[in-house]
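**Q** Residue numbers for the sequence shown, in the working numbering: 33 to 271.
Ideal Cβ positions, reconstructed from N, Cα and C, are used throughout, including at glycine.
Shown below is the structure under consideration.
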Amino acid sequence: MDYLYLEEIDSTNKYAKERISDIKDKTVVYTFKQTAGRGRLQRKWSYLGEDNIYASIVLKPSRDYKEVYSNLTQLLCVVLAEVFEEYNICPKIKWPNDIRVNRKKISGILAEAVSGVNGLEGLILGFGVNLNTKIEILSKIDQPATSLNIETGKYIDKEVFLKNVIDKFCLYYNNFIEEGFLLIRKDYLRRAEFLNKEVTVKVFNKTYSGIAEDVTPDGALKLRDKNNEEHILLIGDIL
33 MDYLYLEEID
43 STNKYAKERI
53 SDIKDKTVVY
63 TFKQTAGRGR
73 LQRKWSYLGE
83 DNIYASIVLK
93 PSRDYKEVYS
103 NLTQLLCVVL
113 AEVFEEYNIC
123 PKIKWPNDIR
133 VNRKKISGIL
143 AEAVSGVNGL
153 EGLILGFGVN
163 LNTKIEILSK
173 IDQPATSLNI
183 ETGKYIDKEV
193 FLKNVIDKFC
203 LYYNNFIEEG
213 FLLIRKDYLR
223 RAEFLNKEVT
233 VKVFNKTYSG
243 IAEDVTPDGA
253 LKLRDKNNEE
263 HILLIGDIL
């Protein structure tokens with residue numbers, strides 16, 4: 033991987049999208065000062081200070097879009113969980129790709145595809161990690177959140193953490209493109225906090241409620257409602 037450091041930027045994903053033709057395959061665009069990021073499904077995003085990581089991985093696997101590309105967020109989710117575990121904490125996955133510790137968000141992922149006249153120009157896997165955010169800052173945002181230094185009581189080296197994430201991602205990447213979600217399914221399920229629980233999932237303007245029974249071999253959520261009807265959800269957010 034190549035690394036492109038930006039001292040300050042509104043959004044690493046936006047920067048990468050606007051310059052996708054000029055950025056090489058397997059480039060990490062990162063900053064410690066991102067002023068206007070976005071969450072999934074246009075959700076409000078909060079900047080939590082310069083002691084955290086804001087990064088986007090730019091990938092150009094092919095000109096044709098393949099279904100496995102949509103699962104790259106889940107691969108990154110597993111990779112981040114593995115890195116967190118090296119700090120002796122217990123991360124859990126909230127489908128499809130949030131990481132939580134003690135039911136508080138510590139990391140999120142926003143994936144975007146960029147298409148042009150010649151097909152797929154690239155994939156962008158944006159992610160943010162709360163590494164050294166203080167409690168008083170986290171208390172001001174609109175959802176329960178934590179940071180790695182709060183959970184460990186130690187200051188976290190940002191560069192070391194980022195390199196560890198990217199190195200692990202690269203170890204999986206080529207095999208994942210060939211094998212898909214099945215390569216990591218057991219690791220994903222082992223960390224899933226939502227399985228066998230009653231959940232409500234929002235898919236655009238519609239909601240589904242029921243028991244989260246499983247995650248399918250292609251990464252979709254299998255949900256069974258009170259009428260015993262099965263729903264296979266490829267996208268959405270657990271509320």
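Hey, L163 and K195: beta-carbon distance below 7 Å or not?
**A** Locating residue 163 in the sequence shown gives position 131, counting from the first residue. Locating residue 195 in the sequence shown gives position 163, counting from the first residue. Contact flag unset, no.
**Q** From the DSSP output, in three-state form, read off Q66 for me.
**A** Counted from its first residue, the sequence shown places residue 66 at position 34. Three-state result, Q66: strand.
**Q** Can you tell me whether Y37 is buried or exposed? The criterion is at least 16 other CB atoms within 10 Å of its CB, across all chains shown.
**A** Taking the first residue of the sequence shown as position 1, residue 37 is located at position 5. Under this definition Y37 is an exposed residue.
**Q** If you drop the 5 nearest sequence neighbours on each side, which residues of the same chain put their C-beta closer than 6 Å to that of E40?
**A** What you label residue 40 is simply residue 8 of the sequence shown in a count that begins at 1. Hits under 6 Å: K65.
**Q** Just to check my reading of the structure: N150 and R95 have Cβ atoms closer than 8 Å, yes? What is that Cβ distance to the nearest angstrom?
**A** Here the question's residue 150 lines up with position 118 in the sequence shown. Here the question's residue 95 lines up with position 63 in the sequence shown. Sure, about 6 Å apart at Cβ, within 8 Å.
**Q** Just reading off the beta strand (DSSP E) that D130 is part of, what are its end residues?
**A** Here residue 130 is taken as the residue at index 98 of the sequence shown, counted from 1. Looking at the DSSP string, the run of the beta strand (DSSP E) that includes D130 is D130 to V133.
**Q** Report yes or no: do the region 205 to 218 and the region 179 to 193 share at least 3 C-beta pairs separated by less than 8 Å?
**A** Contact fails: fewer than three Cβ-Cβ distances are below 8 Å.
**Q** Assign P249 to one of two classes, buried (16 or more other C-beta atoms within 10 Å of its C-beta) or exposed (fewer than that).
**A** Within the sequence shown, numbered from 1, the residue matching residue 249 stands at position 217. Flag for P249 reads exposed.
**Q** As a quick exercise: from S241, L155 and K186, pick the residue whose alpha carbon is nearest that of I121.
**A** Sequence index remark: in the sequence shown, residue 121 carries index 89 (1-based). That would be K186, whose Cα lies nearest to the Cα of I121.
**Q** At what residues does the alpha helix (DSSP H) containing L107 begin and finish?
**A** Locating residue 107 in the sequence shown gives position 75, counting from the first residue. Taken as a continuous stretch (DSSP letters only), the alpha helix (DSSP H) holding L107 covers L104 to E117.
**Q** Hey, does N120 have any beta-carbon neighbour from chain D nearer than 7 Å?
**A** Structure shown: chain D not included; a single protein chain is present.
**Q** Buried or exposed for L253, going by 16 or more other Cβ atoms inside 10 Å?
**A** The residue labelled residue 253 in the question sits at position 221 within the sequence shown. Classification of L253: buried, given that the 10 Å Cβ count is 16 or more.
**Q** Leaving out five residues on either side along the sequence, give the residues of the same chain with a beta carbon under 8 Å from the beta carbon of Y47.
**A** Counted from its first residue, the sequence shown places residue 47 at position 15. Contacts found: L38, I41, V61 and S88.
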